[in-house]
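Novice: Taking the UniProt record's numbering, the leading residue of the sequence shown gets 1, the next gets one more, and so forth. Please read through the structure below; I'll follow up with questions.
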Amino acid sequence: MAKAVRKKKVADASAEEKIIQAARIVFTRNGYAATTVRDIAAEADINFSLVNYYFRSKEKLFDIIMKEGIRQLLSGMQKNLNDEHTTPEQKIDIVCVELLDMLMMHPDLPLFVMNGVANSSPDIGRELVENNVMLNSYFVKQLQERRAKGKLEIEPLHLVMNMMSMLILPFVARHLLIRSGAVDMQMFKAMMEDRKKKVPIWIKAMM
Numbered sequence: 001m002a003k004a005v006r007k008k009k010v011a012d013a014s015a016e017e018k019i020i021q022a023a024r025i026v027f028t029r030n031g032y033a034a035t036t037v038r039d040i041a042a043e044a045d046i047n048f049s050l051v052n053y054y055f056r057s058k059e060k061l062f063d064i065i066m067k068e069g070i071r072q073l074l075s076g077m078q079k080n081l082n083d084e085h086t087t088p089e090q091k092i093d094i095v096c097v098e099l100l101d102m103l104m105m106h107p108d109l110p111l112f113v114m115n116g117v118a119n120s121s122p123d124i125g126r127e128l129v130e131n132n133v134m135l136n137s138y139f140v141k142q143l144q145e146r147r148a149k150g151k152l153e154i155e156p157l158h159l160v161m162n163m164m165s166m167l168i169l170p171f172v173a174r175h176l177l178i179r180s181g182a183v184d185m186q187m188f189k190a191m192m193e194d195r196k197k198k199v200p201i202w203i204k205a206m207m
């Protein structure tokens, strides 16, 4: 009996993960509004009724994936941004490398999060506010202190927006760049490797 229960739990976990992975693909490709539960079931090669059994609705499934995506995008930066033993310049070096590494492993994540925020529930809004890793960080506090002393001309928020844009927007535009023939996947990866060195130089030049 216990063995049968364990097998069912493993099967349930496997089915749930399969559905989540399929939903992430379909939501990214079609957007929230144009995606149906049947689309997700077809992508997962799983029975339509099982999607409803595990997640009850498209909305609940979307919220789960959005929260996971937001945490994934932000959590890797949190430790480094709040390290009180490194300078802002050192934080920029570290965050640029680590965020680009993470985005290379999950290249569709920025587009998914950007497309999804407008369609998500109030819970997602709270998630973004509560996990505002960058703006509530020790890094931004350091920048504000420099500005207050007249040692930083640029507004810290501008610096943060510029850095995040330089790191994330290439991934948002990735499909367009590749489909237009401007780059192929190998070139894109090489450019992202190059940006690990260049983005910190560009950001520090603004300080």
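Think of the CB as a built atom: it goes at the ideal place given N, C-alpha and C, for glycine as much as any other residue. Quantities reported herein were computed from a predicted structural model and do not represent experimental measurements.
Relative to the alpha-carbon of Leu74, which residue among Pro110, Phe62, Gln90, Lys60 has its alpha-carbon at the smallest distance?
Specialist: It is Pro110 whose Cα lies nearest to the Cα of Leu74.
Novice: Residues in its own chain within less than 6 angstroms of Phe171 by CB, not counting five upstream and five downstream?
Specialist: Excluding positions up to five away in sequence, the list reads Leu103, Pro107, Pro110.
Novice: Please report the Cβ distance between Gly69 and Phe139, rounded to the nearest whole angstrom; I am assuming they are in contact, meaning their Cβ atoms lie under 8 angstroms.
Specialist: No, Gly69 and Phe139 are not in contact; Cβ-Cβ is about 22 angstroms, not under 8 angstroms.
Novice: Apart from the five residues on each side of it in sequence, which residues of its chain come closer than 7 angstroms, Cβ to Cβ, to Ala182?
Specialist: Result list for Ala182: empty, nothing under 7 angstroms.
Novice: Select from Arg147, Phe55, Thr35 the residue whose C-alpha is nearest the C-alpha of Glu17.
Specialist: For the residues Arg147, Phe55, Thr35, the minimum Cα distance to Glu17 belongs to Phe55.
Novice: Going by DSSP, what residue range makes up the alpha helix (DSSP H) through Met166?
Specialist: Unbroken alpha helix (DSSP H) run through Met166: 156-172.
Novice: Whole angstroms is fine: what's the gap from Ala205's alpha carbon to Phe27's?
Specialist: Looking at the two C-alpha atoms, the distance is approximately 38 angstroms.
Novice: To which residues of the same chain is Thr87 closer than 8 angstroms at the C-beta, ignoring the five residues directly before and after it?
Specialist: Only Gln142 meet the Cβ criterion.
Novice: According to DSSP, is Tyr54 part of a helix, a strand, or is it coil?
Specialist: Correct three-state label for Tyr54: helix.
Novice: Going by beta-carbon coordinates alone, are Met192 and Leu99 separated by less than 8 angstroms?
Specialist: No; because the gap between Cβ atoms is not below 8 angstroms, this pair is not in contact.
Novice: Compare the C-beta of Glu155 against all C-beta atoms of chain B and say whether one is closer than 8 angstroms.
Specialist: Of the chains in the structure shown, none is chain B; there is only one protein chain.
Novice: With H, G and I counted as helix, E and B as strand and the rest as coil, what does DSSP make of Ala22?
Specialist: Correct three-state label for Ala22: helix.
Novice: With a threshold of 8 angstroms on Cβ separation, who are the neighbours of Asn47 within its own chain once the five nearest residues in sequence on each side are excluded?
Specialist: Around Asn47: Ala41.
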